[in-house]
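Read top to bottom, the protein sequences are chains E and X. The working numbering applies: residue 228 is where the first sequence begins, and numbers increase by one. The working numbering applies: residue 228 is where the second sequence begins, and numbers increase by one. Reviewing the structure listed below.
2 protein chains.
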Amino acid sequence: MNDLLEKVRWGNVRAIARVISLVENSKAAAQTAVSGLFPYTGQAHVVGITGPPGCGKSTLVNELAKQFVLEEQRVAIIAVDPSSPFSGGALLGDRARMMDLTGQQGIFIRSMASRGSLGGLARATSAAIKIFDAADYGIILVETVGAGQAEVDIANAAHTTLVVEAPGMGDDLQSIKAGILEIADVLVVNKSDRPGALRTVKALEMMLHMGQPDQTHHHGYLTKIEPATHADAQEKWQVEVLQTVAIEGKGLSELAQLVKAHRSYLMASGEWEEREKNRSRRELEQLLQDRFLARIQETVSEVEREHLVTAVTRREVDPYTAVDRLFTQIEKRSA
Amino acid sequence: MNDLLEKVRWGNVRAIARVISLVENSKAAAQTAVSGLFPYTGQAHVVGITGPPGCGKSTLVNELAKQFVLEEQRVAIIAVDPSSPFSGGALLGDRARMMDLTGQQGIFIRSMASRGSLGGLARATSAAIKIFDAADYGIILVETVGAGQAEVDIANAAHTTLVVEAPGMGDDLQSIKAGILEIADVLVVNKSDRPGALRTVKALEMMLHMGQPDQTHHHGYLTKIEPATHADAQEKWQVEVLQTVAIEGKGLSELAQLVKAHRSYLMASGEWEEREKNRSRRELEQLLQDRFLARIQETVSEVEREHLVTAVTRREVDPYTAVDRLFTQIEKRSA
Numbered sequence: 228m229n230d231l232l233e234k235v236r237w238g239n240v241r242a243i244a245r246v247i248s249l250v251e252n253s254k255a256a257a258q259t260a261v262s263g264l265f266p267y268t269g270q271a272h273v274v275g276i277t278g279p280p281g282c283g284k285s286t287l288v289n290e291l292a293k294q295f296v297l298e299e300q301r302v303a304i305i306a307v308d309p310s311s312p313f314s315g316g317a318l319l320g321d322r323a324r325m326m327d328l329t330g331q332q333g334i335f336i337r338s339m340a341s342r343g344s345l346g347g348l349a350r351a352t353s354a355a356i357k358i359f360d361a362a363d364y365g366i367i368l369v370e371t372v373g374a375g376q377a378e379v380d381i382a383n384a385a386h387t388t389l390v391v392e393a394p395g396m397g398d399d400l401q402s403i404k405a406g407i408l409e410i411a412d413v414l415v416v417n418k419s420d421r422p423g424a425l426r427t428v429k430a431l432e433m434m435l436h437m438g439q440p441d442q443t444h445h446h447g448y449l450t451k452i453e454p455a456t457h458a459d460a461q462e463k464w465q466v467e468v469l470q471t472v473a474i475e476g477k478g479l480s481e482l483a484q485l486v487k488a489h490r491s492y493l494m495a496s497g498e499w500e501e502r503e504k505n506r507s508r509r510e511l512e513q514l515l516q517d518r519f520l521a522r523i524q525e526t527v528s529e530v531e532r533e534h535l536v537t538a539v540t541r542r543e544v545d546p547y548t549a550v551d552r553l554f555t556q557i558e559k560r561s562a
Numbered sequence: 228m229n230d231l232l233e234k235v236r237w238g239n240v241r242a243i244a245r246v247i248s249l250v251e252n253s254k255a256a257a258q259t260a261v262s263g264l265f266p267y268t269g270q271a272h273v274v275g276i277t278g279p280p281g282c283g284k285s286t287l288v289n290e291l292a293k294q295f296v297l298e299e300q301r302v303a304i305i306a307v308d309p310s311s312p313f314s315g316g317a318l319l320g321d322r323a324r325m326m327d328l329t330g331q332q333g334i335f336i337r338s339m340a341s342r343g344s345l346g347g348l349a350r351a352t353s354a355a356i357k358i359f360d361a362a363d364y365g366i367i368l369v370e371t372v373g374a375g376q377a378e379v380d381i382a383n384a385a386h387t388t389l390v391v392e393a394p395g396m397g398d399d400l401q402s403i404k405a406g407i408l409e410i411a412d413v414l415v416v417n418k419s420d421r422p423g424a425l426r427t428v429k430a431l432e433m434m435l436h437m438g439q440p441d442q443t444h445h446h447g448y449l450t451k452i453e454p455a456t457h458a459d460a461q462e463k464w465q466v467e468v469l470q471t472v473a474i475e476g477k478g479l480s481e482l483a484q485l486v487k488a489h490r491s492y493l494m495a496s497g498e499w500e501e502r503e504k505n506r507s508r509r510e511l512e513q514l515l516q517d518r519f520l521a522r523i524q525e526t527v528s529e530v531e532r533e534h535l536v537t538a539v540t541r542r543e544v545d546p547y548t549a550v551d552r553l554f555t556q557i558e559k560r561s562a
């Protein structure tokens with residue numbers, strides 16, 4: 228493994244692919260890789276891209292990557308698919324987009340699907356980000372699909388978050404969720420050659436100017452609510468709505484510029500460090516949960532666990548009392 | 228509280244609303260309510276409804292509720308919004324749909340938004356289901372938006388899961404996620420008066436007949452992989468694709484029949500009990516996590532936690548080592 232990690236640091240693409248696979252399949256490998264590479268991380272600009280299915284996100288991400296390559300940057304794309312914990316996910320789609328990038332120097336694309344647990348996916352994605360970071364990829368584009376926790380996780384993992392919509396999708400109130408707008412550093416209306424694009428832009432802009440977000444970003448157990456000190460400074464970041472037609476490359480150069488401008492803003496305002504802290508906090512929370520999970524499996528046998536589940540199902544004991552018992556048991560045996 | 232719970236059991240709507248509010252705001256209240264009402268639960272048919280924004284889900288749920296009322300059933304609607312942990316969510320939309328149900332006897336609608344943590348929302352939703360169950364609501368419709376973990380959670384909380392799509396939304400591979408199809412007991416193509424409806428139906432049917440799902444539904448720490456014994460029996464449930472135009476009430480009577488047929492199937496096949504067990508398991512997992520979270524907050528001060536976060540951010544210590552330390556500390560102090 229040490230040999231592999233050395234090669235990762237030298238940017239060897241086969242070593243990178245190999246270590247990511249190891250990390251996906253084993254917690255121990257994730258621990259070794261992250262511990263070993265951690266001192267060499269912290270340089271990459273992590274950009275999260277999220278939006279509903281059908282908004283053309285993958286094409287947009289591919290095109291954005293090409294923009295950065297034009298500027299001699301090395302770009303990693305991590306396509307995270309949290310919505311298919313069951314089977315393989317959008318494999319066909321993956322192949323098409325990889326074809327599109329064939330022969331593109333400097334772009335490394337990797338897709339990661341949930342293999343049963345969202346926690347496992349989060350751990351592997353977070354490790355993959357560090358691997359690319361240590362391998363000196365200056366920009367890491369992390370793409371995810373869907374609404375909900377996935378978006379929030381991406382906002383917590385990224386320095387810059389792009390939220391992508393398409394014309395017609397963002398017009399009803401239901402789909403323009405305040406929560407999604409509030410994680411956005413840049414809003415993109417892709418497929419802007421379609422009818423209704425301008426209406427979507429206007430709707431998003433209206434939403435942007437409605438109401439102030441409250442400061443309760445995330446209540447994890449390591450989370451402190453950060454007062455918006457930097458945000459109060461004279462130059463707060465203004466979220467813009469940008470139109471693109473990714474499939475024709477339109478608006479992509481502007482988008483790349485905005486992403487770079489956001490990085491500069493983060494650095495100048497001190498928010499970069501704040502976001503780094505948030506990323507660390509989230510990661511510690513996830514790892515703590517992993518540890519707790521492992522502890523339960525060590526201390527309470529599957530038979531005992533199933534017995535309790537059955538008792539609750541039969542209404543012999545209520546879930547709170549059951550958990551009290553289980554928790555006491557875990558603590559006794561750990562002591 | 229005991230007085231309130233007594234009133235809940237008698238179906239007093241004001242008591243129900245009050246207890247749900249208490250449960251949303253305090254863990255202690257959730258514990259008291261669930262423990263007190265638990266022996267009186269287990270009768271309700273919990274139906275999960277999920278689908279992307281814009282598919283007309285809320286109208287469909289309202290109309291489905293009306294169908295059951297026609298059959299003299301009391302129906303509860305819980306509209307869960309996991310996608311807006313930041314601000315208020317789709318309040319305007321809520322008001323419109325509540326207006327629609329004004330004067331409808333026998334339907335109780337309640338919306339629940341995340342107030343910062345997904346864990347809190349899951350706990351409150353699960354408690355609300357029990358409250359309605361104990362208050363003798365025969366059908367509980369739990370509606371959620373978005374793709375990802377929310378769907379999986381709903382499938383775990385429900386006896387029957389409806390996945391709703393709209394024409395044009397489900398045509399590209401990206402949006403018809405295998406994972407979503409595999410949680411569906413019934414697939415609904417709503418807005419079927421729109422162009423392309425039949426194409427969407429065909430696409431979904433094709434997906435349904437492609438590939439067998441593997442059995443790894445969920446890898447929580449209390450989870451056992453259930454072999455599909457009942458599913459192997461002669462009469463496996465056939466997932467159907469049903470067309471509706473909810474806004475005109477079209478197809479709703481058929482949908483209500485299918486939902487009832489699924490309940491009968493679950494009962495006859497023994498799957499009802501299996502799903503009840505899965506629900507209990509999930510709930511125990513969530514409550515265990517809550518307990519663990521509380522234990523961390525008790526044993527490690529915020530200052531200590533922040534110190535560790537800062538050390539990781541500065542790359543002085545890697546996250547795995549940091550978690551090792553934290554975990555040891557928690558166990559020592561708990562002992």
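All C-beta atoms, glycine included, are put in the ideal place defined by N, C-alpha and C. All values derive from a computational prediction rather than experimental measurement.
Counting only residues of its own chain and dropping the five nearest sequence neighbours on each side, Asp363 of chain X has a CB closer than 7 angstroms to the CB of Gly238, Arg301. Secondary structure at Lys418 of chain E: coil, using DSSP grouped into helix, strand and coil. Using beta-carbon distances, Thr387 of chain X does not count as an interface residue toward chain E, since no partner is under 8 angstroms. Note on geometry: alpha-carbon atoms of Thr471 of chain X and Leu485 of chain X lie some 13 angstroms from one another. For Arg542 of chain E, the closest Cβ of chain X is nearer than 8 angstroms. Not flagged as an interface residue toward chain E: Gly278 of chain X, since no C-beta distance is shorter than 8 angstroms. The C-beta of Pro280 of chain X has 16 or more other C-beta atoms within 10 Å across all chains shown, which makes the residue buried. Residue pairing for His272 of chain E: DSSP places it in a beta bridge opposite E:Ile366. By a beta-carbon distance limit of 8 angstroms, Asp412 of chain E contacts Thr387 of chain E. Their separation comes to about 5 angstroms.
Collapsing the DSSP output to three states places Val413 of chain E in a strand. Looking only at X:Ser262, X:Met494, X:Phe519, X:Val307, the smallest Cα-Cα distance to Glu233 of chain X is reached by X:Ser262. Less than 8 angstroms divides the Cβ of Leu482 of chain E from the Cβ of Val415 of chain E.
In the displayed model, Gln300 of chain E falls within coil according to three-state DSSP, outside both helix and strand. Within the region 479-539 of chain E, the complete alpha helix (DSSP H) segments at least 4 residues long are 479-496, 498-526, listed from N- to C-terminus. Taking the beta carbon of Thr286 of chain E as reference, no residue of chain X falls within 7 angstroms; the closest one sits roughly 11 angstroms away.
Any Cβ of chain X closer than 8 angstroms to the Cβ of Arg508 of chain E would place that residue at the interface, and such an atom is present.
The beta carbon of Arg506 of chain X lies closer than 7 angstroms to those of Asn383, Ala384 in the same chain, with the five residues before and after it left out. The CB of Pro266 of chain E comes closer than 9 angstroms to the CB of Arg542, Asp545 in chain X, given here in chain order. In the assembly as shown, Met434 of chain X is a buried residue. Its beta-carbon has 16 or more other beta-carbons within 10 Å.
Under the 8 angstroms Cβ criterion, the region 247-256 of chain E counts as touching the region 351-360 of chain E, having at least three qualifying pairs. In terms of beta-carbon proximity, Ser253 of chain E stays away from the interface with chain X, with every pair separated by 8 angstroms or more.
Among the CB atoms of chain E, none fall inside 8 angstroms of the CB of Gln270 of chain X. Going by C-alpha positions, Gly333 of chain X is about 15 angstroms away from Arg236 of chain X. According to the DSSP assignment, Val468 of chain E belongs to the beta strand (DSSP E) that extends over 467-470.
As the crow flies, the alpha-carbon of Val428 of chain E is around 13 angstroms from that of Val466 of chain E. Relative to Arg518 of chain E, the option among E:Ile243, E:Lys254, E:Val468, E:Val536 whose CA is nearest is E:Lys254.
Neighbours of Thr427 of chain E in chain X, taken as residues whose beta carbon is under 9 angstroms from its own, are absent, since the nearest beta carbon is some 12 angstroms off. Asp230 of chain E and Glu251 of chain E have their C-alpha atoms roughly 19 angstroms apart. Annotation: Phe335 of chain E to Ser480 of chain X spans about 51 angstroms, alpha carbon to alpha carbon.
If you check the CB distance, Arg542 of chain E and Gly497 of chain X do not come in under 8 angstroms. When the five nearest sequence neighbours on each side are left out, the beta carbons in the same chain lying within less than 7 angstroms of the beta carbon of Leu291 of chain X are those of Leu368, Leu479, Leu482, Ala483, in order along the chain.
Contacts with chain X at 8 angstroms (Cβ-Cβ) do not include Phe359 of chain E. Contact with chain X is found for Val536 of chain E, since one of that chain's Cβ atoms lies less than 8 angstroms from the residue's Cβ.
Taking Val288 of chain E as the centre and dropping the five residues before and after it, the same chain places the C-beta of Ile276, Ile304, Leu368, Glu370 closer than 7 angstroms to its C-beta, in chain order. Non-local beta-carbon contacts of Leu514 of chain X in its own chain, meaning distances under 8 angstroms to residues more than five positions away in sequence, involve Arg350 in chain order. Per DSSP, the unbroken alpha helix (DSSP H) holding Met434 of chain E starts and ends at 424-436.
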